[in-house]
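Accompanying notes for the structure given below.
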Amino acid sequence: MIPVFDIADQHTGIRAELAAAFERVMRSGWFILGDEVAAFEKEFAAWVGVGHCLGVASGTDALTLALRALQIGPGDEVVTVSHTAVATVAAIALTGATPVLVDIDEQSYTMDPAAAAAAITARTKAIVPVHLYGQMADMDALMNLAQRHGLAVVEDCAQAHGATYHGRAAGSIGAAAAFSFYPTKNLGALGDGGAVVTNDAALAERVRLLRQYGWQERYISSVAGMNSRLDELQAALLRVKLPHLRGWNTARRAHAQRYGELLRGVTVPQEMAGRGHVYHLYVARVARRDAVLAQLRARGIGSAIHYPRAVHQQPAYSALTPPGGLPVTERAVAEIISLPMYPELLPDQIAEVVAQVNAVVQ
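Laid out in structure tokens, this is it:
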């Protein structure tokens, strides 16, 4: 079986570094919000090109905390897409705000700026573009839209570590951005984790308060916060991985180029002009998707669907379905399939995946 992800293979080459980081944390005796978290926050902020990074417990919490720090809550609306992991919409709902779901464009699968513009009301307070599969949304159009209406933009960068938009890094354009370090991400921990990044010092300080009970001094809550802290061990392991991230992303891009050259009978991702795609996932569209998926798995080709239902098609969020539905999103989720994509893929593995896909779809 050639898997969709192979995290263990990635760790083989850096096992000694990871073990040394683990031992360093064990010897320190400090496991929550210590030197490792502070160092990772500084290093990741510099990597993204922003002034501030706050480590938190998950990507979902990162988005929730960024929105709460922007004082978004009950009575407010936040525009986002339905073609995303449910975490995006769940995070908005956790603030008490109402998620407003809009369609994607046919080429990038990211937020359609025209659809976002049509969804804005007097209650809209923010836009959350999702940089899906490793490609950034149309940030110029969305930032201009937000500026015209006085809205905050919070980037969902959970799948876009290292992606760029006309030379600007994912996470460096909006008022704030949320990253996930779930193990399968381009930069993944050995557990869960996330981060809020921003250039706004006051916003960063609000996130800092909110992630730990609103404490300005220990045990004294100045605001109503929560418990969402990146732990020392995960921060230490992420520090080991961060210097390797550019190389891993380069490998992903090379794999994607090879797939694009060899695949037949499928619609492959389109990298939009000016956007540096980092291929967290390699997603193609095929006719008879479910039959193709079953046949590939039977032939030893790991494959998956990201995601089999859009958020508005799921029972918990069906009330968010806009009038007329989201036709571009709904067509996409019926046809998409994720093929194996990770930096350590070998040329003969790519050739085997392509051979089997071409045989199944033709």
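Last residue of the sequence shown: 361 (numbering that gives the first Met the number 0), numbering continuous.
We put the beta carbon where it would ideally sit given N, CA and C, even for glycine.
Proximity winner among the options, relative to residue i (alpha-carbon distances)
{"i": "ALA223", "options": "TRP214, ALA140 and LEU229", "result": "TRP214"}
{"i": "ALA56", "options": "THR320, VAL285, VAL310 and PHE178", "result": "PHE178"}
{"i": "ILE304", "options": "LEU280, GLY324, ALA121 and THR320", "result": "LEU280"}
{"i": "SER337", "options": "LEU325, VAL267 and SER227", "result": "VAL267"}
{"i": "GLU270", "options": "ALA116, ALA255, ARG263 and TRP46", "result": "ALA255"}
{"i": "LEU236", "options": "VAL24, ASP8 and ALA7", "result": "VAL24"}
{"i": "GLU76", "options": "VAL85, THR83 and ALA90", "result": "ALA90"}
{"i": "ASP383", "options": "LEU232, GLU329 and TRP29", "result": "The requested residue 383 is not part of the displayed model; the chain covers only 0 to 361."}
{"i": "LEU261", "options": "ALA136, GLU216, ASP8 and ASP347", "result": "ASP347"}
{"i": "GLU231", "options": "LEU292, THR87, ALA145 and GLU35", "result": "GLU35"}
{"i": "ALA84", "options": "LEU62, PRO73, LEU69 and MET138", "result": "LEU62"}
{"i": "VAL78", "options": "GLY58, ARG205 and MET110", "result": "MET110"}
Rounded separation between residue i and residue j - CA only
{"i": "ASP5", "j": "SER220", "result": "42 Å"}
{"i": "ALA354", "j": "PRO307", "result": "24 Å"}
{"i": "ALA318", "j": "ALA309", "result": "13 Å"}
{"i": "LEU417", "j": "PHE43", "result": "An answer regarding residue 417 cannot be provided, because it is not within the stretch 0 to 361 covered by the chain."}
{"i": "ASN198", "j": "ALA118", "result": "28 Å"}
{"i": "VAL332", "j": "MET225", "result": "35 Å"}
{"i": "LEU229", "j": "HIS165", "result": "31 Å"}
{"i": "ALA45", "j": "VAL359", "result": "45 Å"}
{"i": "VAL327", "j": "ARG263", "result": "23 Å"}
{"i": "LEU244", "j": "LYS184", "result": "11 Å"}
{"i": "PRO242", "j": "GLY28", "result": "25 Å"}
{"i": "MET135", "j": "PRO128", "result": "8 Å"}
{"i": "ALA315", "j": "ALA86", "result": "12 Å"}
{"i": "ALA37", "j": "GLY12", "result": "26 Å"}
{"i": "ASN143", "j": "PRO112", "result": "10 Å"}
{"i": "ASP191", "j": "ARG257", "result": "31 Å"}
Beta strand (DSSP E) segment containing residue i, residue limits
{"i": "GLY259", "result": "From DSSP, GLY259 is part of no beta strand (DSSP E) but of the alpha helix (DSSP H) over 244-261."}
{"i": "PHE178", "result": "175-179"}
{"i": "ASP155", "result": "151-155"}
{"i": "ILE336", "result": "335-338"}
{"i": "VAL99", "result": "97-101"}
{"i": "LEU53", "result": "51-55"}
{"i": "GLN215", "result": "214-216"}
{"i": "ARG298", "result": "Neither: ARG298 is in no beta strand (DSSP E) and is coded neither H nor E."}
Where the alpha helix (DSSP H) containing residue i begins and where it ends
{"i": "THR328", "result": "326-332"}
{"i": "GLY192", "result": "Here GLY192 belongs to no alpha helix (DSSP H), and DSSP marks it neither H nor E."}
{"i": "ALA61", "result": "58-68"}
{"i": "LYS381", "result": "What is shown of the chain runs 0 to 361, which leaves residue 381 out entirely."}
{"i": "LEU344", "result": "From DSSP, LEU344 is part of no alpha helix (DSSP H); its letter is neither H nor E."}
{"i": "ILE91", "result": "85-93"}
Close-in-space but distant-in-sequence residues of the same chain around residue i (CB under 7 Å, 5 per side omitted)
{"i": "HIS311", "result": "SER81, LEU100, SER317, LEU319, THR320 and LEU325"}
{"i": "GLY301", "result": "MET0, ILE1, PRO2, VAL3 and PRO339"}
{"i": "PHE39", "result": "GLY54, ALA234, LEU237 and ARG238"}
{"i": "ALA250", "result": "PRO342"}
{"i": "GLY173", "result": "VAL152, VAL153 and GLU154"}
{"i": "ALA203", "result": "HIS51, LEU53 and THR197"}
{"i": "ASP60", "result": "GLY193 and SER227"}
{"i": "ALA188", "result": "PHE180, PRO182, GLN233, LEU236 and LEU237"}
{"i": "ASN248", "result": "GLY161, ASN185 and VAL277"}
{"i": "LEU17", "result": "HIS10, LEU236 and VAL239"}
{"i": "VAL49", "result": "GLY170, SER171, VAL196, THR197 and ASN198"}
{"i": "VAL285", "result": "VAL265, VAL291, GLU334, ILE336 and VAL360"}
{"i": "GLY74", "result": "ARG122"}
Rounded distance between the beta-carbons of residue j and residue i, thought under 8 Å
{"i": "ILE126", "j": "ALA115", "result": "6 Å"}
{"i": "GLN158", "j": "GLY133", "result": "6 Å"}
{"i": "ALA96", "j": "ILE71", "result": "5 Å"}
{"i": "VAL277", "j": "SER171", "result": "That belief does not hold up - the Cβ atoms of VAL277 and SER171 are roughly 15 Å apart, past 8 Å."}
{"i": "ARG67", "j": "LEU209", "result": "6 Å"}
{"i": "ARG288", "j": "GLU334", "result": "5 Å"}
{"i": "GLU283", "j": "VAL265", "result": "It is Ala, not Glu, that sits at residue 283 in the sequence shown. Their Cβ separation, rounded to whole angstroms, is 4 Å, which keeps ALA283 and VAL265 in contact under 8 Å."}
6 Å CB neighbourhood of residue i in its chain, flanking five on each side removed
{"i": "THR163", "result": "GLY275"}
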